[in-house]
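Undergrad: Pasting a structure below so you can have a look.
Number of protein chains: 2
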Amino acid sequence: MAPAPTPSEPGMREQERDLLHEVADAVGALMEFWGFKRVMGRVWALLYLRGDALSASELCDQLSISSGAASMALAELEHWAVVRRIRKPGDRREYFEAETDIWKMISRVMRERELVQIERALEVFERVREKLRTLPAPGERPRLDDIADRLGKLLDLARVGRGLLVALVQQGRVDLGPLMRFPRSRR
Amino acid sequence: MAPAPTPSEPGMREQERDLLHEVADAVGALMEFWGFKRVMGRVWALLYLRGDALSASELCDQLSISSGAASMALAELEHWAVVRRIRKPGDRREYFEAETDIWKMISRVMRERELVQIERALEVFERVREKLRTLPAPGERPRLDDIADRLGKLLDLARVGRGLLVALVQQGRVDLGPLMRFPRSRR
DNA sequence: TAGAGGTTTCAGAAAGTTTTGAAAGTTCAG
DNA sequence: CTGAACTTTCAAAACTTTCTGAAACCTCTA
């Protein structure tokens with residue numbers, strides 16, 4: 000009973016594992032850069048590449064994380080519909096499998112996270128601009144109006160950003176041309 | 000000598016300051032969300048709205064930060080060409096003024112930071128896919144090829160992302176249509 | 001070229017984030 | 001209903017990031 004059947008195969012199991020890890024880490028870095036936890040990216044990538052459903056404990060082994068970390072990462076990934084939880088009949092464990100429609104995942108995050116963020120800022124910009132315009136300021140009108148104008152430029156750009164995001168997420172088709180032609184400030 | 004000249008003007012100076020702060024904080028939140036330090040956003044926003052150049056110590060006062068924090072934030076903002084340092088003749092202090100071309104700032108960050116990030120991931124994906132394909136794996140070929148195929152899908156999408164970024168940053172004009180039609184995997 | 005006024009650096013403090021592991025909670029076969 | 005198998009929760013530990021303030025360092029002017 001030879002544990003390594005062929006000499007031309009020096010730990011190919013290990014090599015495969017290392018290769019998957021490399022990709023998982025790259026995706027983890029990308030996800031972290033995009034504001035998620037690094038583990039989330041690693042978990043998703045491993046599930047995605049393997050193609051079949053893995054149990055939580057297998058993930059803990061493979062990625063060297065604690066059961067707590069796995070549970071939390073999986074819960075969050077599930078919340079974003081990036082991973083699905085499935086049960087195999089006759090097995091008490093839960094298995095996890097990756098959503099494979101990557102664009103669906105990305106656009107959902109854009110819609111629910113980035114868009115909210117930009118809309119929050121837009122509200123502040125609009126409200127403050129209005130207040131700046133109506134603030135009684137004897138002799139200071141011109142200065143305040145200048146500030147309000149610059150704020151307006153910021154507002155315009157934020158609206159362009161929102162438009163872009165909406166277009167990207169809804170139709171998957173964008174033409175920046177018309178959007179880029181927003182009010183040009185003097186100087 | 001009345002300190003508050005008109006009754007119809009209850010601390011309008013303070014009100015103005017608070018309004019600018021609100022915007023600065025909103026921009027700070029946006030910038031933090033985008034992976035920069037919150038202070039950087041606050042500093043830029045204040046300089047931008049005020050319109051004229053401020054000294055470092057004025058910024059410290061206005062934003063309630065230490066001189067160290069101001070110095071570091073300003074250095075980093077300068078590195079991204081988001082703030083310019085200027086000297087007024089006959090004044091020993093340095094003054095800072097905001098770059099007002101916001102799109103220029105954004106596209107520079109996209110080019111130098113996001114693009115690099117995605118290219119780093121692309122290299123890993125490509126290298127690993129090649130290795131997966133050439134790994135000697137008796138009897139395991141079909142499984143490894145499946146993994147390589149899924150990795151290929153990831154690679155395609157990352158290339159689409161890079162294309163988008165490049166288009167956005169270079170011409171300011173994007174058509175997602177052709178880009179979206181990347182190889183469709185079975186199932 | 002001395003020194004006053006200003007800026008940068010950096011070690012340590014504070015704040016924030018992620019991970020661990022053990023206890024509490026669930027679920028299901030028997 | 002019980003208990004073994006599995007999952008979730010959460011307080012504390014580990015780590016990371018950001019901020020402070022004082023010392024070192026510039027840079028002008030007189």
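Read top to bottom, the protein sequences are chains P and Z. Residue numbering for the first sequence follows numbering that gives the first Met the number 0, beginning at 0 and increasing consecutively. Residue numbering for the second sequence follows numbering that gives the first Met the number 0, beginning at 0 and increasing consecutively. Beta carbons: idealized from backbone N, C-alpha and C, even for Gly.
At a cut of 8 Å, does the region 39-48 of chain P reach the region 21-29 of chain P through at least three beta carbon pairs?
TA: The region 39-48 of chain P, when compared against the region 21-29 of chain P, does touch it at the 8 Å Cβ threshold.
Undergrad: Go to Ile117/P, then tell me how far its alpha helix (DSSP H) extends in each direction, as first and last residue.
TA: For the purposes of this step, residue 117/P is taken as the residue at position 118 of the first sequence. Run containing Ile117/P: 114-133, per the alpha helix (DSSP H) assignment.
Undergrad: Taking Glu57/P as the query, report the chain Z residues whose CB atoms sit under 8 Å from its CB, ordered along the chain.
TA: Taking the first sequence and counting its residues from 1, one reaches residue 57/P at position 58. None at all; the shortest Cβ gap to chain Z is about 16 Å.
Undergrad: Should Val168/Z be labelled buried (16 or more other beta-carbon atoms within 10 Å of its own) or exposed?
TA: Residue 168/Z sits at position 169 when you count from the first residue of the second sequence. By the 10 Å Cβ count, Val168/Z comes out buried.
Undergrad: Against chain P, with Cβ distances strictly below 9 Å, would Phe35/Z count as a contact?
TA: Your numbering for residue 35/Z matches position 36 in the second sequence. No - not a single Cβ of chain P is within 9 Å of the one on Phe35/Z.
Undergrad: Provide the residue span of the alpha helix (DSSP H) that contains Val159/Z, from first to last.
TA: In the second sequence, the residue the question calls residue 159/Z occupies position 160. Note, Val159/Z: alpha helix (DSSP H), 140-169.
Undergrad: Between Leu62/Z and the rest of its own chain, which residues show a CB-CB distance below 6 Å, the 5 nearest in sequence each way excluded?
TA: Start at 1 with the first residue of the second sequence, and residue 62/Z comes out as number 63. Contacts found: Arg41.
Undergrad: Closer than 7 Å by beta-carbon distance: list the chain Z residues that pair up with Lys187/P, in chain order.
TA: Since the first and last residues shown for chain P are 0 and 186, residue 187/P lies out of range.
Undergrad: Helix, strand or coil: how does DSSP classify Ala136/Z here?
TA: Counting from 1 along the second sequence, the entry for residue 136/Z is found at position 137. Coil at Ala136/Z, not helix or strand.
Undergrad: Do we get a CB-CB distance below 9 Å when we pair Pro141/P with the residues of chain Z?
TA: In the first sequence, the residue the question calls residue 141/P occupies position 142. So, not an interface residue.
Undergrad: Is the Cβ-Cβ distance between Arg132/P and Asp145/P less than 9 Å?
TA: In the first sequence, counting from the first residue as 1, residue 132/P sits at position 133. In the first sequence, counting from the first residue as 1, residue 145/P sits at position 146. Cβ distance not < 9 Å, so Arg132/P and Asp145/P don't count as in contact.
Undergrad: Using 9 Å as the threshold, is the C-beta distance between Gly154/Z and Leu121/Z below it?
TA: As a working mapping, residue 154/Z is identified with position 155 in the second sequence. As a working mapping, residue 121/Z is identified with position 122 in the second sequence. Here residue 154/Z turns out to be Leu, not Gly, going by the sequence shown. In this structure, Leu121/Z lies closer than 9 Å to Leu154/Z by Cβ.
Undergrad: Below 8 Å on the Cβ atoms is my contact criterion, and I expect Arg149/P with Tyr47/Z to pass it. Report the Cβ-Cβ distance as a whole number of Å.
TA: For this step, residue 149/P is matched to residue 150 along the first sequence. For this step, residue 47/Z is matched to residue 48 along the second sequence. At roughly 6 Å, the Cβ-Cβ gap stays under 8 Å, so Arg149/P and Tyr47/Z are in contact.
Undergrad: Residues of chain P with a CB under 8 Å from the CB of Asp145/Z: which are they?
TA: One-based indexing of the second sequence puts residue 145/Z at position 146. Here the neighbours are Gly50.
Undergrad: Could you tell me whether the Cβ of Ser70/Z comes closer than 9 Å to any Cβ of chain P?
TA: Counted from its first residue, the second sequence places residue 70/Z at position 71. Cβ-Cβ to chain P under 9 Å: no for Ser70/Z.
Undergrad: Could you check which residue in Arg126/Z, Gln14/Z, Ala97/Z has the C-alpha nearest to that of Leu53/Z?
TA: Working through the second sequence from its first residue, we reach residue 53/Z at position 54. The shortest Cα separation from Leu53/Z among Arg126/Z, Gln14/Z, Ala97/Z belongs to Ala97/Z.
Undergrad: So is Glu13/P buried or exposed if we call it buried at 16+ other beta carbons inside 10 Å?
TA: Residue mapping note: residue 13/P aligns to position 14 of the first sequence, counting from 1. Under this definition Glu13/P is an exposed residue.
Undergrad: When the Cα atoms are used, what is the spatial distance from Lys87/P to Ala28/P?
TA: As a first step, residue 87/P must be located in the first sequence, where it is residue number 88. As a first step, residue 28/P must be located in the first sequence, where it is residue number 29. The straight-line gap from Cα to Cα measures roughly 32 Å.
Undergrad: Find the nearest neighbour of Leu73/Z within the set Asp90/Z, Asp60/Z, Tyr94/Z, Gly89/Z, judged by alpha-carbon distance.
TA: The residue labelled residue 73/Z in the question sits at position 74 within the second sequence. Closest by alpha carbon: Tyr94/Z.
Undergrad: Kindly indicate which three-state DSSP category Pro2/P falls into: helix, strand or coil?
TA: Here residue 2/P corresponds to residue number 3 of the first sequence, with the count starting at 1. Residue placement at Pro2/P is flagged as unreliable, the pLDDT there being 49, under the threshold of 50; a coordinate-derived value is accordingly withheld.
Undergrad: Are the C-beta of Gln61/P and some C-beta of chain Z separated by less than 9 Å?
TA: Numbered from 1 along the first sequence, position 62 holds the residue referred to as residue 61/P. Not an interface residue.
Undergrad: Report, in whole angstroms, the separation of the C-beta atoms of Leu104/Z and Val81/Z, which I expect to be a contact under 8 Å.
TA: As a first step, residue 104/Z must be located in the second sequence, where it is residue number 105. As a first step, residue 81/Z must be located in the second sequence, where it is residue number 82. It should be noted that the sequence gives Met, not Leu, for residue 104/Z. Between Val81/Z and Met104/Z the Cβ distance is about 5 Å, and since that is below 8 Å, they are a contact.
Undergrad: Whole angstroms is fine: what's the gap from Met109/Z's alpha carbon to Val165/Z's?
TA: Locating residue 109/Z in the second sequence gives position 110, counting from the first residue. Locating residue 165/Z in the second sequence gives position 166, counting from the first residue. Computed Cα separation, rounded: 9 Å.
Undergrad: Cβ closer than 9 Å: which chain P residues qualify as neighbours of Val127/Z?
TA: As a working mapping, residue 127/Z is identified with position 128 in the second sequence. Leu18, Leu19, Glu21, Val22, Ala25, listed in chain order.
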